[in-house]
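Per the UniProt record's numbering, the sequence shown runs over residues 1 to 285.
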Amino acid sequence: MKELVIVGQGPAGISAALYAVRGGAPVTVVAKDGGALAKTEMIQNYYGFENGVSGKELLERGIRQAENLGVRFVRGELFGIEFGADGFEVKTSEGTLAAGAVVIACGTVRSVPPIGNLTEYEGRGVSYCAVCDAFFFRGKKVGVIGSGAYAASEFAALKNVVEDVTILTDGEPPRFDAALPCDTRKIARLEGDEAVRGVRFEDGTSENFDGLFVACGSAGAFELSKKLGLETDGNKIATDEKRATNIPGIYAAGDCVKGMQQIAKAVCDGMIAGTEALKFLKANA
């Protein structure tokens, strides 16, 4: 049976992993950290903990449970999901994983740098998907805002189409290996009128850009949906009652799909997504 790769190690991702691995599927979970749950001080409305439980403890218990059942964990930054020979290729800072099916369970948070007027230019020169929008900037000058491996990955995707690309680390030290062209000055604001025309740095200098691609942190549900062509419902990934997306073999669970953002709902979503992904893998073995 082909591999099931799950993006996210929160309650939805771990629940999906538990059901799939117990059904006989090889399962790998990709996650950089524990997300919002790891920062939650106390949870008092989840079944089975009469005195409550911290988010960190609940997260760690779930991970240990999955590991005990044979689930493999890859801890690194996620770049994206692409179609591949075995179904899908999950691109991470630790390498590429082949997957027969994928469950996206990484929440809805979009990593946006604290640049005051950045969102004003979304769709007007500011993009969150190099694969989607690089074509529109052929022969132009663009910047990639980010300082880590995800920014380097977006840079590589853009360089296939756009000649002049610079990574703007927004005051952060570069965290990518390759000697890529980058500018480490802190960004004060974007400049432009109907469309973005450049950036103003905090030192008072400015530089012209025809487009800017945001690639901070790791790729989240929003970025993944854009890159794959998944249907969305507002800022959520659209699924049916089986948590299946519009692309066969791709499922979504937890806070990245519609419904209450609660642990109990995420666990239920994960159960459904993991079970349905297992059926898909068996049907396509």
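C-beta atoms are modelled at their ideal positions from N, C-alpha and C, and glycine is treated no differently.
Values in this document were obtained by computation on a predicted structure and should not be read as measured data.
C-alpha gap between residue i and residue j, whole angstroms
{"i": "L58", "j": "K2", "result": "29 Å"}
{"i": "T169", "j": "V7", "result": "26 Å"}
{"i": "T40", "j": "L212", "result": "33 Å"}
{"i": "I63", "j": "A85", "result": "30 Å"}
{"i": "G171", "j": "I145", "result": "10 Å"}
{"i": "A264", "j": "Y46", "result": "7 Å"}
{"i": "R124", "j": "F136", "result": "11 Å"}
{"i": "E231", "j": "V257", "result": "11 Å"}
Element boundaries [beta strand (DSSP E), containing residue i]
{"i": "D164", "result": "D164 to L168"}
{"i": "V90", "result": "G87 to T92"}
{"i": "F190", "result": "Before going on, a small fix: residue 190 reads as Leu here, not Phe. First-last of the beta strand (DSSP E) with L190: I187 to G192."}
{"i": "F73", "result": "R72 to V74"}
Contacting residues, own chain, Cβ-Cβ under 7 Å from residue i (five flanking each side not counted)
{"i": "L281", "result": "M1, K2, L4, A25, G100 and A101"}
{"i": "C132", "result": "K226 and K227"}
{"i": "K186", "result": "D170, G171, F201 and E202"}
Helix, strand or coil at residue i according to DSSP, with G and I counted as helix
{"i": "I115", "result": "coil"}
{"i": "R200", "result": "strand"}
{"i": "V21", "result": "helix"}
{"i": "G274", "result": "helix"}
{"i": "L281", "result": "helix"}
{"i": "S147", "result": "coil"}
{"i": "I43", "result": "strand"}
Spatial neighbours of residue i in its chain, beta-carbon cut-off 8 Å, leaving aside the 5 residues before and after
{"i": "V112", "result": "L118, T119, V214 and C216"}
{"i": "G198", "result": "L190, E191, G192, S206, E207, N208 and F209"}
Spatial neighbours of residue i in its chain, beta-carbon cut-off 6 Å, leaving aside the 5 residues before and after
{"i": "I14", "result": "G62 and A66"}
{"i": "G200", "result": "Looking at the sequence itself, residue 200 is Arg, so the reference to Gly does not match. Result list for R200: A188, R189, E191 and S206, in chain order."}
{"i": "G76", "result": "T92, S93 and E94"}
{"i": "Q44", "result": "G52"}
{"i": "A12", "result": "A105, A253, G254, A266, D269 and G270"}
Continuous alpha helix (DSSP H) stretch holding residue i: start and end
{"i": "G100", "result": "Note, G100: premise wrong, no alpha helix (DSSP H); not H, not E."}
{"i": "R64", "result": "G55 to N68"}
{"i": "F209", "result": "Neither: F209 is in no alpha helix (DSSP H) and is coded neither H nor E."}
{"i": "E223", "result": "A221 to L228"}
Task: Inter-stretch contact (C-beta, 8 Å, three-pair minimum) for the region 179-196 and the region 236-255 - done: no
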